[in-house]
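One line per chain: the protein sequences are A and B, in this order. Under numbering that gives the first Met the number 0, think of the first position of the first sequence as 0, with each following residue one higher. Under numbering that gives the first Met the number 0, think of the first position of the second sequence as 0, with each following residue one higher. We put the CB at the ideal spot given by N, CA and C, even for glycine.
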Amino acid sequence: MNYYWIGVATLTGIYMIAILGVSILTGFTGLFSMGHAGFMAIGAYTSALLTKTFHLPILVGVFFGMIAALIVGLIIGYPTLKLRGDYFVIATLGIGEVTKLLLENLQGFTGGARGLTDVPGGVTFPMVLCFLVVIIWGLSNFLRSKQGRNCIAVREEELATASIGADVTHYKMLAMGISCALCGISGALLAHYMEYLNPTMFNMVVSDQLVMTVILGGCGSLTGTIIASMILVPLPEILRFGAVQEWRMVFYGLLVVLVIIFKPSGLMGSKELSIEGIKKFIGRADKKGKER
Amino acid sequence: MFFQQLVNGLSIGSIYALMAVGYSLIYSLLNFTNFAHGITVTIGAFCTFFFLTYLVKNLFLGILIAVLIAGGLAMLIELLGYRPLLKKKARRIYLLITGLGISTMCENLVIISFSSRFRVYPVNFSNKSINLFGASIGQVDLIIFAVSITALILVDLFIRKTRAGLAIRGASFDLNTTSLMGVNVQMLILIVFMIAGALAGLAGALVGAKYTAFPTLGTNMTNKAFISSVFGGLGSIPGAVLGAMLLGVGETMISGYISSSMRDIFAYALLVIVLFVRPAGLMGKSMEDKA
Numbered sequence: 000m001n002y003y004w005i006g007v008a009t010l011t012g013i014y015m016i017a018i019l020g021v022s023i024l025t026g027f028t029g030l031f032s033m034g035h036a037g038f039m040a041i042g043a044y045t046s047a048l049l050t051k052t053f054h055l056p057i058l059v060g061v062f063f064g065m066i067a068a069l070i071v072g073l074i075i076g077y078p079t080l081k082l083r084g085d086y087f088v089i090a091t092l093g094i095g096e097v098t099k100l101l102l103e104n105l106q107g108f109t110g111g112a113r114g115l116t117d118v119p120g121g122v123t124f125p126m127v128l129c130f131l132v133v134i135i136w137g138l139s140n141f142l143r144s145k146q147g148r149n150c151i152a153v154r155e156e157e158l159a160t161a162s163i164g165a166d167v168t169h170y171k172m173l174a175m176g177i178s179c180a181l182c183g184i185s186g187a188l189l190a191h192y193m194e195y196l197n198p199t200m201f202n203m204v205v206s207d208q209l210v211m212t213v214i215l216g217g218c219g220s221l222t223g224t225i226i227a228s229m230i231l232v233p234l235p236e237i238l239r240f241g242a243v244q245e246w247r248m249v250f251y252g253l254l255v256v257l258v259i260i261f262k263p264s265g266l267m268g269s270k271e272l273s274i275e276g277i278k279k280f281i282g283r284a285d286k287k288g289k290e291r
Numbered sequence: 000m001f002f003q004q005l006v007n008g009l010s011i012g013s014i015y016a017l018m019a020v021g022y023s024l025i026y027s028l029l030n031f032t033n034f035a036h037g038i039t040v041t042i043g044a045f046c047t048f049f050f051l052t053y054l055v056k057n058l059f060l061g062i063l064i065a066v067l068i069a070g071g072l073a074m075l076i077e078l079l080g081y082r083p084l085l086k087k088k089a090r091r092i093y094l095l096i097t098g099l100g101i102s103t104m105c106e107n108l109v110i111i112s113f114s115s116r117f118r119v120y121p122v123n124f125s126n127k128s129i130n131l132f133g134a135s136i137g138q139v140d141l142i143i144f145a146v147s148i149t150a151l152i153l154v155d156l157f158i159r160k161t162r163a164g165l166a167i168r169g170a171s172f173d174l175n176t177t178s179l180m181g182v183n184v185q186m187l188i189l190i191v192f193m194i195a196g197a198l199a200g201l202a203g204a205l206v207g208a209k210y211t212a213f214p215t216l217g218t219n220m221t222n223k224a225f226i227s228s229v230f231g232g233l234g235s236i237p238g239a240v241l242g243a244m245l246l247g248v249g250e251t252m253i254s255g256y257i258s259s260s261m262r263d264i265f266a267y268a269l270l271v272i273v274l275f276v277r278p279a280g281l282m283g284k285s286m287e288d289k290a
């Protein structure tokens, strides 16, 4: 039983890395992606095949998985992020689908739809936790840096950001790069944790869930994203019976629509959860209580 | 063989065209991708299936019902999902996310209510064929092609000859100015959604007749419609039709002469090439937004 919950926690951590990546892209920079599971797949298969064929250590595999996802992401971002309109969204949709199709059709290489077995394992919960701590620390610093603030500015008002001399396309590419790299890491860790890969592990439903978790957590809040992924990723494990999976997706969809219509800022809005913040909140609640 | 593949391609292409035109109509007015477009396709296919199975075995009546219900559903989606956001002048990304939410919700509701089985229409004519110039042409392909072309011509006439059509053309040029000219823009958007939904429902009913009806049908097919409209030029209606036809024919040729597993890869590869070489598409105008 205990092993089981550690497993759930490890998976949650792995997916959280990808969700944090999408949070930078969608939540902070305001770009919408429908295919980030494709970048997870690229990371996963790159790392799995490298470690399996050349017997490299898994961390080296994870590194190359990240690089591969990053390169593909930038190649897709380069022509589309310069353009206005929904070219970028459709391109990400395309990359998500084409990755899955290629994995299914390059049978000799990737195992096709039957999946890739005997992937070297060895990812443990403490290891995922280390990755998470470093990534969250890095991202929170990034968001407070000039680069990060410019990304947020692009989301808020693209034209104004361009008019004060910031290179909008550059910051969009930066956000795309970060999100793809994180999805690559997440996919690679998933490969070495599951020790088995299958193209359906990275289908469009996964991409949709990544985006929806970010939206529900709050566009522009790292802690919101973290809390939302801690609640929503283990949910299918907790609700493991009958047609519940479909109802869960119905519920997600409805929740996303309601949140966007009534509270577009999501769970946390652009606020971050911090110890000072909680103290302030309690202080305010106290004051209100006393006034009554 | 070639002629047979060509007709087959044109029939698939005309189905893509029905969806791509609805998508382009909405895009040209509101500048966003309607991700809830796929669900109207699925509903169209299922409506026809249930009508044919339980009520009357007449394909044309079934298609008519599908068109009406899908058009109504699209209007409902606009009223409940998009209108509150459009009124608030919400950012475009919120519209995309709402579309995604609606499509996820509806697709899974369809799976829950009808199960994810593949369903074949009880009226079967996919095996009937006609001899034409020495090639045997599937009757269903001819019906699909004729019905789609008729529908597209009707929509074209509506846009070019009626007052509402004039308003739509104006709104696609500049929505705000059109509303200042005294056009009820909310009503106009609703009409455009209705047309898009009706075309999508028609597409769904026809795909169901050619293949089968299943819950993820809409999502699978609309991806191709998105590709065709990028290929033809985002927001351009003649472009959408041309792109869809070329994509349909190209796909069938690839699967006929090379391998059927290359079909979808061809479609996505085409998308990538267009994005790199000529993102404005075949007939697109400038991609720069009016600021």
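Q. Taking Cβ positions only, does Phe31 of chain A come closer than 8 Å to chain B?
A. Answer yes: the Cβ-Cβ gap between Phe31 of chain A and chain B drops below 8 Å somewhere.
Q) What do you reckon, are the CB atoms on Phe1 of chain B and Ser102 of chain B nearer than 8 Å? A) Taking C-beta atoms as the reference points, Phe1 of chain B and Ser102 of chain B fail to come closer than 8 Å.
Q.
With a threshold of 8 Å, are at least 3 pairs of Cβ atoms found where one atom belongs to the stretch 160-172 of chain A and the other to the stretch 173-181 of chain B?
A. A contact between stretches requires three or more CB pairs, one per stretch, nearer than 8 Å, and the stretch 160-172 of chain A fails this requirement with the stretch 173-181 of chain B.
Q: Please confirm if Asp288 of chain B has its CB atom under 8 Å from at least one CB of chain A.
A: Any answer about Asp288 of chain B is weak, because its pLDDT of 46 lies below 50 and its placement is not dependable; what the coordinates show is given next. Asp288 of chain B has a beta carbon lying within less than 8 Å of a beta carbon in chain A.
Q: Taking Thr32 of chain B as the query, report the chain A residues whose CB atoms sit under 8 Å from its CB, ordered along the chain.
A: Chain-order list of chain A residues neighbouring Thr32 of chain B: Asp85, Val88, Ile89, by C-beta distance under 8 Å.
(Q) Let me see if you follow: with CB-CB separation under 8 Å, is Ile62 of chain B close to chain A or not? (A) No, Ile62 of chain B does not count as interfacial toward chain A.
(Q) Taking only three categories from DSSP, how would you classify Ala290 of chain B? (A) Residue placement at Ala290 of chain B cannot be trusted, given a pLDDT of 36 that sits under 50; what the coordinates show is reported in the next sentence. It is coil, neither helix nor strand.
Q. What does Phe225 of chain B reach in chain A if we use C-beta pairs closer than 7 Å?
A. Residues of chain A passing the Cβ test: Ile89, Leu92.
(Q) In the DSSP output, what is Ile136 of chain B paired with across the bridge? (A) Answer is B:Ile129, bridged to Ile136 of chain B.
Q.
Going by the DSSP bridge assignment, what does Leu196 of chain A pair with across the sheet?
A. The beta-bridge partner set that DSSP reports for Leu196 of chain A consists of A:Leu115.
Q.
Rounded to the nearest angstrom, what separates Ala68 of chain A and Val256 of chain A at their Cα positions?
A. Cα-Cα distance, rounded: 30 Å.
(Q) Rounded to the nearest angstrom, what separates Gln291 of chain B and Ser135 of chain B at their Cα positions? (A) No statement about residue 291 of chain B is possible, as the shown extent of chain B runs from 0 to 290 and does not include it.
Q. By the criterion of Cβ-Cβ separation under 8 Å, what are the contact partners of Leu253 of chain A in chain C?
A. The displayed structure is made up of protein chains A and B, and chain C is not among them.
(Q) What are the residues in the stretch 83-97 of chain B lying within 9 Å of chain A by C-beta distance? (A) Contact residues of the stretch 83-97 of chain B toward chain A are Pro83, Leu84, Lys87, Ala89, Arg90, Arg91, Ile92, Tyr93, Leu94, Leu95, Ile96, Thr97 (C-beta to C-beta distance below 9 Å).
Q) Can you name the residues that DSSP bridges to Ala212 of chain B? A) Partner(s): B:Arg118.
Q: Determine whether the Cβ of Phe275 of chain B lies closer than 8 Å to any Cβ atom of chain A.
A: Yes - at least one Cβ of chain A is within 8 Å of the one on Phe275 of chain B.
Q.
For a test of the three-state rule: what should DSSP assign to Ser13 of chain B, helix, strand or coil?
A. Ser13 of chain B falls in the helix class under three-state DSSP.
Q | Chain-ordered neighbours of Leu108 of chain B on chain A, where CB pairs are closer than 7 Å | A | Per Cβ cutoff of 7 Å: Val249.
(Q) Do Ser13 of chain B and Ser147 of chain B have their beta-carbon atoms positioned less than 8 Å apart in this structure? (A) Cβ atoms of Ser147 of chain B and Ser13 of chain B: closer than 8 Å.
Q) Rounded to a whole number of angstroms, what is the C-alpha to C-alpha distance between Leu269 of chain B and Phe230 of chain B? A) Cα to Cα, the separation comes out at about 8 Å.
Q) Going by Cα to Cα distance, which pick from B:Cys105, B:Leu141, B:Arg168 is closest to Tyr251 of chain A? A) Nearest C-alpha to Tyr251 of chain A: B:Cys105.
Q | Alpha carbon of Ala202 of chain B to alpha carbon of Gly43 of chain B, nearest angstrom | A | Rounded to the nearest angstrom, the two C-alpha atoms are 7 Å apart.
Q) Using a beta-carbon distance below 8 Å, is Ile317 of chain B in contact with chain A? A) In the structure as shown, chain B begins at 0 and stops at 290. Residue 317 of chain B is therefore absent and cannot be evaluated.
Q | Proximal residues of chain A, C-beta to C-beta of Gly80 of chain B below 7 Å | A | The contacting residues are Val256.
Q: Could you have a look at Phe34 of chain B and say whether DSSP puts it in helix, strand or coil?
A: The DSSP-derived three-state label of Phe34 of chain B is coil.
**Q.** Between the CA atoms of Lys278 of chain A and Arg291 of chain A - distance to the nearest angstrom
**A.** Its pLDDT being 49, under 50, Arg291 of chain A is placed unreliably by the model, and the measurement read from it follows with that caveat. Straight across, the Cα-Cα distance linking Arg291 of chain A with Lys278 of chain A is about 20 Å.
Q: Compare the C-beta of Asn222 of chain B with all C-beta atoms of chain A and state if any pair is closer than 8 Å.
A: Contact of Asn222 of chain B with chain A is assigned, a C-beta pair being separated by under 8 Å.
Q: Run the CB neighbour count on Ala159 of chain A, radius 10 Å, all protein chains shown included, and call it buried at 16 or more, exposed below.
A: Exposed, since its Cβ has fewer than 16 Cβ neighbours within 10 Å.
Q) If the cut is a Cβ gap below 8 Å, which residues of chain B does Thr79 of chain A touch? A) Within 8 Å Cβ-Cβ: Leu274, Pro278.
(Q) Please return the same chain residues whose Cβ sits closer than 8 Å to the Cβ of Gly282 of chain A, not counting the five positions on each side in sequence. (A) For Gly282 of chain A, where only same-chain residues beyond five positions count, there are no Cβ hits under 8 Å.
Q: Output yes if chain B places a C-beta closer than 8 Å to the C-beta of Ile5 of chain A; else output no.
A: Not closer than 8 Å to any Cβ of chain B, the Cβ of Ile5 of chain A fails to qualify, so no.
Q: Determine, using beta-carbon pairs with one atom in the stretch 243-250 of chain A and one in the stretch 184-203 of chain A, whether at least three such pairs fall under 8 Å.
A: Cβ pair count under 8 Å is below three, so no.
Q) So, using beta-carbon positions, are Val153 of chain A and Thr28 of chain A closer together than 8 Å? A) Taking 8 Å as the Cβ cut-off, Val153 of chain A and Thr28 of chain A qualify as a contacting pair.
Q. Within 8 Å (strictly less), CB to CB, does Arg291 of chain A reach chain B?
A. Note on Arg291 of chain A: pLDDT 49, under 50, position unreliable in the model; the coordinate value appears next. Not an interface residue.
Q. Rounded to a whole number of angstroms, what is the C-alpha to C-alpha distance between Asn57 of chain B and Gly238 of chain B?
A. Taking C-alpha positions only, Asn57 of chain B is separated from Gly238 of chain B by approximately 33 Å.
Q) So with Cβ pairs under 8 Å, would you call Ser260 of chain B a contact of chain A? A) Residue-level contact check: Ser260 of chain B touches chain A, since one or more beta carbons of chain A fall below 8 Å from its beta carbon.
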